[in-house]
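Enquirer: Throughout the sequence shown, residue numbering follows the UniProt record's numbering, covering 1 to 265 in sequence. Quick one: the structure is below, and I'll ask about it shortly.
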Amino acid sequence: MERFSFNQATAQHWPLAAAVAGCAAAGVPGIGLWREPVQEYGLDRAARLVRAAGLTVTSLCRGGFFTTPDWWDENRRAIEEAATLGTRELVLVSGGLPPGSRDVDGARRQVADAVAALADEATAAGVRLAIEPLHPMFSADRCVIATLGQALDIAERFDPAVVGVVVDTYHVWWDDTVYAQIARAGDRIAAFQAADWVTPLPEGVLLGRALPGEGCVQLRRLREAVDAAGYTGPVEVEVFQAALWSRPGPDILAATIDAYLTHVS
């Protein structure tokens, strides 16, 4: 279980301190954190909490949303927060189309320009900007970067230590070029996140992720592909699902560990 990381959002209603304690007690080495609960708990306090528990913060979600007016200040804060928490990887969700726009190509150019503008800030902080492509169903409102290839087209303009990509199984499994793109990514793979795909999707679709083994994704094959590309980092399980969230935090963690060991590792 040395590569397993528990993404905080998998137990959305589990308080941060309890989640950290639960992970430490279960022998989980890493945790992926989200900015909002960290801010609620207190950034410096959260950093001390995780360090005291002996956990590694494997990623911070999220920066990005570059098509909104306040993207610059918000992303500079996100970089600072990642550095304070001691994580190298700041996950970027690019943002959807600006209100009233149909210009998806222009929005993607805007994302590329924003990443370029932030690169020096991230380098100075020791943080890598990790571009996450989301499934195309999110392109309008959440993320115009819809394929791993599109993410790499931006990331390849920079040193791999500065800008990388996130391989999230839920978002990329359908792409018939995904294995070629994973090989192309190589040392630009900043994070690997695992979740399964089940249908029918819920209303709003965001909470359609499932625990590994509950759906149709070839999770171990994708994990083996990122390994073959040279990735040796954590494997985060990240699930957004209302039914899962209704369970007690320790039960969610136990189910997530079992799903990871059975279907991903």
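Glycine residues also receive a C-beta, built at the ideal position from the N, C-alpha and C atoms.
1) In terms of alpha-carbon separation, which member of Leu97, Thr84, Ala146 and Thr67 lies closest to Val115?
2) Residues in its own chain within less than 7 Å of Val93 by CB, not counting five upstream and five downstream?
3) Relative to the C-alpha of residue 326, which residue among Arg247, Ala46 and Trp71 is closest?
4) Sort Ala107, Glu224 and Val167 by Cα distance to Glu89 and report the nearest one.
5) For Arg88, name the three-state secondary structure that DSSP assigns.
6) Would you tell me roughly how many angstroms separate the C-alpha atoms of residue 269 and Val237, rounded to the nearest one?
7) Do you know how far the Cα of Asp113 is from the Cα of Glu214?
8) Which residue from Ala130, Gly106, Leu55 and Arg102 puts its Cα closest to that of Leu85?
9) Taking the DSSP output, what are the residues bridged to Ser5?
10) Evaluate Leu246 with the Cβ neighbour count: other Cβ atoms within 10 Å of its Cβ, from every protein chain shown; 16 or more gives buried, anything less gives exposed.
11) Does the stretch 217-230 come close enough to the stretch 183-197 that 3 or more CB-CB pairs lie under 8 Å?
12) What residue range is occupied by the uninterrupted beta strand (DSSP E) comprising Arg128?
13) Looking at the strands, I want to know which residues DSSP matches up with Ile189.
14) Between the stretch 167-183 and the stretch 221-235, do three or more beta carbon pairs fall short of 8 Å?
15) Answer yes or no: do Leu60 and Ala24 have a C-beta to C-beta separation smaller than 7 Å?
16) Applying the 10 Å Cβ sphere with the 16-neighbour rule, what's the burial state of Leu253?
17) State the Cα-Cα distance for the pair Asp262 and Ala210, rounded to the nearest angstrom.
18) Do you know whose CA, among Leu201, Leu152, Met1 and Leu33, lies nearest Thr10's CA?
Expert: On the basis of the data shown:
1) The residue labelled residue 115 in the question sits at position 115 within the sequence shown. Val115 has its Cα closest to that of Thr67, out of Leu97, Thr84, Ala146 and Thr67.
2) Stepping through the sequence shown from its first residue, residue 93 is reached at position 93. Contacts found: Arg62, Gly64, Phe65, Glu132, Leu134, Arg142 and Cys143.
3) No answer is possible for residue 326: the residues shown for the chain start at 1 and end at 265.
4) Walking along the sequence shown from the start, residue 89 turns up at place 89. The residue among Ala107, Glu224 and Val167 with its C-alpha nearest the C-alpha of Glu89 is Val167.
5) Within the sequence shown, residue 88 is the residue found at index 88, counting from 1. Looking at Arg88 - three-state DSSP - the assignment turns out to be coil, as it is neither helix nor strand.
6) With the chain covering only 1 through 265, there is no way to say anything about residue 269.
7) Translated into the one-based positions of the sequence shown, residue 214 becomes position 214. Translated into the one-based positions of the sequence shown, residue 113 becomes position 113. If I take the Cα positions, the gap works out to 38 Å.
8) Your numbering for residue 85 matches position 85 in the sequence shown. Cα-wise, what sits closest to Leu85 is Leu55.
9) Locating residue 5 in the sequence shown gives position 5, counting from the first residue. In DSSP, Ser5 forms a bridge with Gly30 and Glu236.
10) Stepping through the sequence shown from its first residue, residue 246 is reached at position 246. Correcting the residue identity first, residue 246 is Ser in this sequence and not Leu. Exposed, by the Cβ-count rule.
11) Two segments are said to touch when three or more pairs of C-beta atoms, one from each, lie closer than 8 Å; by this definition the stretch 183-197 touches the stretch 217-230.
12) To locate residue 128, count along the sequence shown from 1; it is residue 128. For Arg128, the enclosing beta strand (DSSP E) stretches over residues Arg128 to Ile131.
13) As a working mapping, residue 189 is identified with position 189 in the sequence shown. Note: Ile189 sits in a beta bridge opposite Val165.
14) Between the stretch 167-183 and the stretch 221-235 there are three or more inter-stretch CB-CB distances shorter than 8 Å, so the stretches are counted as touching.
15) Here residue 60 corresponds to residue number 60 of the sequence shown, with the count starting at 1. Here residue 24 corresponds to residue number 24 of the sequence shown, with the count starting at 1. No; because the gap between Cβ atoms is not below 7 Å, this pair is not in contact.
16) Residue 253 sits at position 253 when you count from the first residue of the sequence shown. Classification for Leu253: buried.
17) Within the sequence shown, numbered from 1, the residue matching residue 262 stands at position 262. Within the sequence shown, numbered from 1, the residue matching residue 210 stands at position 210. Inspection of the sequence shows that residue 262 is occupied by Thr rather than by Asp. Thr262 and Ala210: Cα-Cα distance of roughly 14 Å.
18) The residue you call residue 10 lines up with position 10 of the sequence shown. When each option's Cα is compared against that of Thr10, the closest is Leu33.
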